[in-house]
Amino acid sequence: MAKYIFITGGVVSSLGKGVAAASCGALLQSHGYKVHARKLDPYLNIDPGTMSPFQHGEVYVTDDGYETDLDLGYYERFLGIKLSRNDSVSGGRIYWDVLSAERRGDYLGKTVQMIPHVSDKIKEYITRPVDADFVICEIGGTVGDIEGKIFLESIRQLANDIGRRNVMFIHLTLAPYLEKSGELKTKPTQMSARNLLENGIQADMLIVRTPRELEEEERKKIGMFCNLPSENIISGIDVDNIYKIPMAYKVQNVFDIIANHFGLKKTDGDMHRFHKIEKYLSDKLPTVKIGMVGKYFDVPDAYKSLNEALFHAGIQNNVHINIKKIDSEKFSEDAVRDVDAILVPGGFGTRGIDGKIAAAKYARENKIPYMGICLGMQVAVIEFMRNVMGVKNADSSEFTDDCTPVIYIMSDHDAADMGGTLRLGSYPCVIKSGTLAEKVYSADLINERHRHRYEMDMNLESQIAKHGMIISGKSPDGKLPEIIELKDHPFFMAGQFHPEFQSSPYNGHPFFNAFVAAALKK
Ligand code: GLN
44 MAKYIFITGG
54 VVSSLGKGVA
64 AASCGALLQS
74 HGYKVHARKL
84 DPYLNIDPGT
94 MSPFQHGEVY
104 VTDDGYETDL
114 DLGYYERFLG
124 IKLSRNDSVS
134 GGRIYWDVLS
144 AERRGDYLGK
154 TVQMIPHVSD
164 KIKEYITRPV
174 DADFVICEIG
184 GTVGDIEGKI
194 FLESIRQLAN
204 DIGRRNVMFI
214 HLTLAPYLEK
224 SGELKTKPTQ
234 MSARNLLENG
244 IQADMLIVRT
254 PRELEEEERK
264 KIGMFCNLPS
274 ENIISGIDVD
284 NIYKIPMAYK
294 VQNVFDIIAN
304 HFGLKKTDGD
314 MHRFHKIEKY
324 LSDKLPTVKI
334 GMVGKYFDVP
344 DAYKSLNEAL
354 FHAGIQNNVH
364 INIKKIDSEK
374 FSEDAVRDVD
384 AILVPGGFGT
394 RGIDGKIAAA
404 KYARENKIPY
414 MGICLGMQVA
424 VIEFMRNVMG
434 VKNADSSEFT
444 DDCTPVIYIM
454 SDHDAADMGG
464 TLRLGSYPCV
474 IKSGTLAEKV
484 YSADLINERH
494 RHRYEMDMNL
504 ESQIAKHGMI
514 ISGKSPDGKL
524 PEIIELKDHP
534 FFMAGQFHPE
544 FQSSPYNGHP
554 FFNAFVAAAL
564 KK
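44 is the number of the first residue of the sequence shown in this note's numbering; add one for each residue after it.
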């Protein structure tokens with residue numbers, strides 16, 4: 044049976060529970076344990092797919108096509124695992140399940156109540172069988188939130204159901220620093236742990252976000268108020284890179300604390316994965332400048348996975364990455380004159396399209412390495428049709444009806460199969476031999492995640508091939524173009540999918556690794 048580690052947060056939101064959870068999981072992995080991760084979000088939306096990216100940052104997509112928030116991305120990246128729709132569960136979905144069951148008559152006329160019906164449903168999601176020694180489960184929101192109460196109640200019950208030594212509660216708080224008095228204040232942390240206790244949950248470890256290391260006296264004081272030995276109070280100091288956190292926990296004996304709680308053997312663990320990243324961060328290395336021509340730059344974290352994937356590829360290539368953010372609405376060739384490579388990321392809607400098309404044109408004509416992601420592939424095709432093939436009104440039907448549509452919605456797509464209207468999740472792609480794509484992936488069949496509505500017209504294949512653009516990846520039935528590339532160009536490749544969702548800090552991702560290598564060569 045898996046053991047459970049719950050991560051809750053208090054005092055304020057945005058303390059980085061996702062990264063803390065992922066880091067604890069990575070630490071356990073480094074000691075040889077198999078780890079799975081889950082997130083419970085108390086809010087009432089049925090899933091995060093409908094939530095504004097302006098509030099929540101990027102929409103992350105799992106293999107099985109679930110649109111989730113970016114914490115699932117941290118879990119997958121740190122832990123190198125694949126998660127699914129059952130690993131990201133909202134309050135809305137729990138209530139939906141319970142109310143649907145009530146309408147079906149499943150409760151046989153009983154009074155349907157928060158306890159046990161909602162709490163049982165929450166426990167059912169938490170304990171869905173997985174092949175892992177540990178399930179790290181983050182509870183979204185902040186202790187004290189009204190909608191979070193039933194979630195705390197459920198994890199309290201679970202500890203009672205399966206045994207207190209099979210469940211560990213880690214609570215993340217904040218110790219603000221008062222400039223005037225030069226003091227770190229521990230009171231909010233005390234109050235937050237007490238708030239948790241009011242819900243019947245004794246924290247087993249506290250991670251206190253602070254601008255500086257907690258002193259022994261401060262840890263003793265917090266421990267005294269929160270029923271914990273001072274060793275179990277960890278300093279969560281701000282770091283300049285999230286991959287330093289597992290080591291920061293390791294040196295504060297977080298593994299030993301977890302091992303003590305569960306009665307595990309204390310081992311040294313193997314932290315080489317993180318040493319390698321720390322070395323990369325501190326090494327003096329050359330830098331490549333990647334021009335990213337996008338439009339969601341004012342949304343914090345809108346390009347989270349993409350930035351991560353470039354960083355990972357930097358590690359693999361031993362080069363530091365400098366991302367130049369170029370607003371596609373204000374694009375001019377001057378903006379890309381000093382970059383080593385151009386990346387056009389995914390996007391929706393007409394705004395900024397001309398700038399992206401111009402960026403693809405510049406990269407093609409000036410032989411600058413180009414990577415197109417989803418929309419970035421579509422604009423490369425539009426640009427090629429207009430400026431090489433001479434089809435002046437070539438466009439996507441997403442942007443105008445008055446055009447020769449080279450990108451459009453395929454009518455033979457089964458909408459139900461596509462999660463409503465978007466093609467979502469992992470799809471296979473067959474790679475043509477002798478192409479750049481084959482060199483990049485060293486494979487003839489790959490799987491990549493999708494999140495888009497429009498597709499490139501497969502009928503263009505023979506025409507564009509005559510002029511040097513080849514479709515080097517296709518769906519196995521041959522109907523959907525998945526990868527395009529240019530023949531007489533050092534590196535011009537674009538995919539209809541989002542490779543950034545599968546990049547790992549430990550190995551990078553073949554497409555990004557090759558793109559950064561091409562930038563370096565340039
Ligand atoms: N807007 C385009 C489509 O729906 C591209 C989407 C994307 O880049 N993710 O097909």
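We put the CB at the ideal spot given by N, CA and C, even for glycine.
Since the structure is predicted, the reported quantities are computational estimates derived from the model, not experimental observations.
**Asked** Is Cys67 helix, strand or coil by DSSP?
**Response** In the sequence shown, the residue the question calls residue 67 occupies position 24. The answer is helix: DSSP assigns Cys67 an H, G or I state.
**Message:** Looking at the strands, I want to know which residues DSSP matches up with Asn365.
**Reply:** As a working note, residue 365 is residue 322 in the sequence shown. In the DSSP output, where bridge partners are listed per residue, Asn365 has Lys332.
**Asked** By a C-beta neighbour count over all protein chains shown, 10 Å radius and 16 as the cutoff for buried, is Pro553 buried or exposed?
**Response** For the purposes of this step, residue 553 is taken as the residue at position 510 of the sequence shown. When all chains shown are included, Pro553 counts as buried.
**Message:** Below 8 angstroms, is the gap between the Cβ of Cys417 and the nearest heavy atom of ligand 1?
**Reply:** Your numbering for residue 417 matches position 374 in the sequence shown. Relative to ligand 1, the beta carbon of Cys417 is positioned inside 8 angstroms of a heavy atom.
**Request:** Going by DSSP, name the residue or residues bridged to Ile513.
**Result:** Against the sequence shown, residue 513 aligns to sequence position 470. DSSP output for Ile513 lists Glu528 as bridge partner(s).
**Prompt:** Using a Cβ-Cβ cut-off of 7 angstroms (strictly less than) and excluding sequence neighbours within five positions of Leu503, which residues of its own chain qualify?
**Reply:** Your numbering for residue 503 matches position 460 in the sequence shown. The residues are Val449.
**Prompt:** Quick one: Cα of Met453 to Cα of Asp370, how far?
**Reply:** Here the question's residue 453 lines up with position 410 in the sequence shown. Here the question's residue 370 lines up with position 327 in the sequence shown. Their backbone Cα atoms lie some 30 angstroms apart in a straight line.
**Message:** Report the CB separation of Asn129 from Tyr86 in whole angstroms; it is logged as a contact under 8 angstroms.
**Reply:** As a first step, residue 129 is located in the sequence shown; it is residue number 86 there, counting from the start. As a first step, residue 86 is located in the sequence shown; it is residue number 43 there, counting from the start. The pair is not a contact, with the Cβ atoms about 18 angstroms apart (cut-off 8 angstroms).
**Request:** Report buried or exposed for Gln545, applying the criterion of at least 16 other Cβ atoms within 10 angstroms of its Cβ.
**Result:** Position 502 of the sequence shown, counted from the start, is the residue given in the question as residue 545. Gln545 should be labelled buried.
**Item:** alpha helix (DSSP H) segment containing Thr232, residue limits
**Value:** Residue numbering aside, residue 232 sits at position 189 when the sequence shown is read from its first letter. Counting along the chain, the alpha helix (DSSP H) containing Thr232 begins and ends at 230-241.
**Request:** With hydrogens ignored, establish whether the beta-carbon of Phe340 is closer than 8 angstroms to any heavy atom of ligand 1.
**Result:** For the purposes of this step, residue 340 is taken as the residue at position 297 of the sequence shown. No - ligand 1 has no heavy atom lying nearer than 8 angstroms to the Cβ of Phe340.
**Asked** Under a three-way DSSP split, which group does Asn490 fall into?
**Response** Reading the sequence shown from its first residue, position 447 is the one you call residue 490. Note: Asn490 maps to strand in three-state DSSP.
**Request:** From the DSSP output, in three-state form, read off Leu205 for me.
**Result:** In the sequence shown, counting from the first residue as 1, residue 205 sits at position 162. In the sequence as displayed, the identity of residue 205 is Ile instead of Leu. Helix, per DSSP.
**Prompt:** DSSP state of Pro467, grouped into three classes?
**Reply:** One-based indexing of the sequence shown puts residue 467 at position 424. One point to set straight first is that residue 467 is Leu, not Pro, in the sequence displayed. Reduced to three states, the DSSP call for Leu467 is strand.
**Asked** Which parts of the stretch 372-396 are runs of the beta strand (DSSP E), unbroken and 3 residues or longer, counting only runs that do not cross its ends?
**Response** 384-387
**Message:** Can you check which of these residues, Asp174, Ile396, Glu226, Ala557, is closest to Tyr339 by C-alpha distance?
**Reply:** The residue you call residue 339 lines up with position 296 of the sequence shown. Ranking Asp174, Ile396, Glu226, Ala557 by Cα distance to Tyr339 puts Ile396 first.
**Request:** With His79 as the anchor, note down where its beta strand (DSSP E) starts and where it stops.
**Result:** Position 36 of the sequence shown, counted from the first residue, corresponds to residue 79. From DSSP, the beta strand (DSSP E) with His79 extends over 78-84.
**Asked** Is the stretch 532-549 close to the stretch 412-421, with three or more CB pairs under 8 angstroms?
**Response** With a cut-off of 8 angstroms, the stretch 412-421 and the stretch 532-549 count as touching, because enough Cβ pairs lie within range.
**Asked** Does ligand 1 have even one heavy atom less than 8 angstroms from the beta-carbon of Gln421?
**Response** Position 378 of the sequence shown, counted from the first residue, corresponds to residue 421. Yes; taking the cut-off as 8 angstroms, the Cβ of Gln421 has a heavy atom of ligand 1 nearer than that.
**Item:** Three-way DSSP call (helix, strand, coil) for Tyr549 in this model
**Value:** Indexing the sequence shown from 1 puts residue 549 at position 506. Tyr549 falls in the coil class under three-state DSSP.
**Asked** Does the beta-carbon distance from Tyr346 to Glu101 come in below 9 angstroms?
**Response** Within the sequence shown, numbered from 1, the residue matching residue 346 stands at position 303. Within the sequence shown, numbered from 1, the residue matching residue 101 stands at position 58. In this structure, Tyr346 sits near Glu101, with a CB-CB distance shorter than 9 angstroms.
**Request:** Decide if Met414 is buried, meaning its Cβ has at least 16 other Cβ atoms within 10 Å, or exposed.
**Result:** Here residue 414 is taken as the residue at index 371 of the sequence shown, counted from 1. By the neighbour-count rule (16 or more Cβ atoms within 10 Å), Met414 is buried.
**Request:** State the CB to CB distance for the pair Gly433 and Val473, rounded to an integer number of angstroms; the pair is presumed to be in contact (CB under 8 angstroms).
**Result:** As a working note, residue 433 is residue 390 in the sequence shown. As a working note, residue 473 is residue 430 in the sequence shown. The Cβ separation is near 30 angstroms, so there is no contact.
**Request:** Identify the continuous alpha helix (DSSP H) that holds Met44 and give its terminal residues.
**Result:** The residue labelled residue 44 in the question sits at position 1 within the sequence shown. It is not in any alpha helix (DSSP H) - Met44 carries neither H nor E in the DSSP assignment.
**Asked** Between Leu324 and the rest of its own chain, which residues show a CB-CB distance below 7 angstroms, the 5 nearest in sequence each way excluded?
**Response** Here residue 324 refers to the residue found at position 281 when the sequence shown is read from its first residue. Counting only Cβ-Cβ distances below 7 angstroms, and skipping sequence neighbours, we find Asn284.
**Asked** Is it buried or exposed for Asp114, if we count other Cβ within 10 angstroms and need 16 for buried?
**Response** Counting from 1 along the sequence shown, the entry for residue 114 is found at position 71. The residue in question, Asp114, is buried, as its Cβ has 16 or more Cβ neighbours within 10 Å.
**Message:** Would Phe442 and Thr393 be called neighbours here (beta carbons separated by less than 9 angstroms)?
**Reply:** In the sequence shown, the residue the question calls residue 442 occupies position 399. In the sequence shown, the residue the question calls residue 393 occupies position 350. Result yes, Cβ atoms of Phe442 and Thr393 sit closer than 9 angstroms.
**Asked** Using DSSP with H/G/I as helix, E/B as strand and the rest coil, what is Val342?
**Response** Along the sequence shown, one-based indexing puts residue 342 at 299. The answer is coil: DSSP assigns Val342 none of H, G, I, E or B.
**Asked** Asn490 to Val483, Cα distance in whole Å?
**Response** Translated into positions along the sequence shown, residue 490 becomes position 447. Translated into positions along the sequence shown, residue 483 becomes position 440. In a straight line, the C-alpha of Asn490 is about 14 angstroms away from that of Val483.
**Message:** Short of 7 angstroms in beta carbon distance, which residues of its chain neighbour Glu261, apart from the five on each side in sequence? Order them along the chain.
**Reply:** For this step, residue 261 is matched to residue 218 along the sequence shown. Taken in chain order, the residues that qualify are Leu227, Thr229.
**Request:** For the beta strand (DSSP E) holding Glu590, just list the boundary residues, first then last.
**Result:** Since the first and last residues shown for the chain are 44 and 565, residue 590 lies out of range.
**Message:** Taking the beta carbon of Leu83 as the centre, do at least 16 other beta carbons fall within 10 Å, making it buried, or is it exposed?
**Reply:** Taking the sequence shown and counting its residues from 1, the one referred to as residue 83 is at position 40. Leu83 is buried by the Cβ-count criterion.
**Request:** Report the three-state DSSP secondary structure of Thr216 (helix, strand or coil).
**Result:** For the purposes of this step, residue 216 is taken as the residue at position 173 of the sequence shown. Strand, per DSSP.
**Asked** Using DSSP with H/G/I as helix, E/B as strand and the rest coil, what is Pro448?
**Response** By one-based count along the sequence shown, residue 448 stands at place 405. Reduced to three states, the DSSP call for Pro448 is strand.
**Item:** Candidates His495, Tyr497, Ser518, Glu528: closest to His510 by CA position
**Value:** Residue 510 sits at position 467 when you count from the first residue of the sequence shown. Looking at the Cα atoms, Glu528 is the closest of the given residues.
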